[in-house]
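Take 1 as the starting number for the sequence shown in the UniProt record's numbering and just add one per residue.
Worksheet for the structure shown next.
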Amino acid sequence: MKKGLFIVLAFLFLVSCGASKTVVKRSVPTKSVVKTEGLKTLDSNFSGNVSSQIKEILKDAEKYLGAPYKYAGNTSSGFDCSGFTCKVFDENDTKLPRRSEDQSNAGKLINIRETKPGDLLFFATAGGSKVTHVGIVHDIGGEGEVKFIHASTSKGVIISSLNEKYWNKAYLFARRVL
């Protein structure tokens, strides 16, 4: 009985965030300004202007800040990463596939320098080059720092930065779906 339950849970974990797509690992391009934590910043092309549609998506994403992580969750009582992006975009009449692997094929591939709020970032959090995590670009800071909102397994829905070593190392690519 315990072994069967373990197998079912392991299967659900692998399917939830779509850990089966192999992609080419790319380092985040940077310019020569070094942050205090030793990570470099991006030379961003973002103008600072966002559409009303993107503003609504970010507003809806922010209302879930602090919601807990829940495996296969897609409600305010708990989210996994792809459930969170699905919920936020669905509330704004944009359908995304449920799994992060499938979301990583939606829209248009863009260079990290071209990202703007509302774009999706994809990560390989288990190492390697398989998509295992997704987040929504929340803001581009003064020196090109990319901040994104996502459902983390340890802290639930939070805003993180690509300048954080963990996320910088796990970053794969960005896509624009709007």
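Ideal Cβ positions, reconstructed from N, Cα and C, are used throughout, including at glycine.
Span separating the alpha-carbon of residue i from that of residue j
i: Asp119; j: Arg113; result: 12 Å
i: Thr126; j: Gly48; result: A small correction: the amino acid at residue 126 is Ala; Thr does not occupy that position in the sequence shown. Cα-Cα distance, rounded: 33 Å.
i: Phe173; j: Ile54; result: 20 Å
i: Pro68; j: Gly83; result: 12 Å
i: Tyr64; j: Ser76; result: 6 Å
i: Lys87; j: Val50; result: 20 Å
i: Ala124; j: Phe89; result: 22 Å
i: Phe79; j: His133; result: 12 Å
i: Lys165; j: Ile149; result: 16 Å
i: Asp139; j: Ser100; result: 21 Å
i: Thr115; j: Trp167; result: 16 Å
i: Leu178; j: Pro117; result: 10 Å
Residue i classed as buried or exposed, judged by whether at least 16 other C-beta atoms fall within 10 angstroms
i: Glu62; result: exposed
i: Gly142; result: exposed
i: Lys95; result: exposed
i: Gly135; result: buried
i: Gly128; result: exposed
i: Lys59; result: exposed
i: Asn105; result: exposed
Own chain, CB closer than 7 Å to residue i, minus 5 neighbours either side, in chain order
i: Arg176; result: Gly107, Lys108, Ile110 and Asp119
i: Thr85; result: Leu96, Gln103, Leu120, Val134 and Ile136
Residues near residue i in its chain [Cβ-Cβ closer than 6 Å; skip 5 each side]
i: Ala170; result: Phe123, Ala124 and Thr125
i: Glu56; result: Asn92
> With a cut-off of 8 Å, do at least 3 Cβ pairs link the segment 149-164 to the segment 57-71?
Replying inline: Yes, the segment 149-164 touches the segment 57-71.
> Which runs of the beta strand (DSSP E), 3 residues or longer, sit entirely within the UniProt domain "NlpC/P60" (51-178)?
Replying inline: The qualifying runs are 108-110, 120-123, 133-140, 146-152, 156-161 and 171-176.
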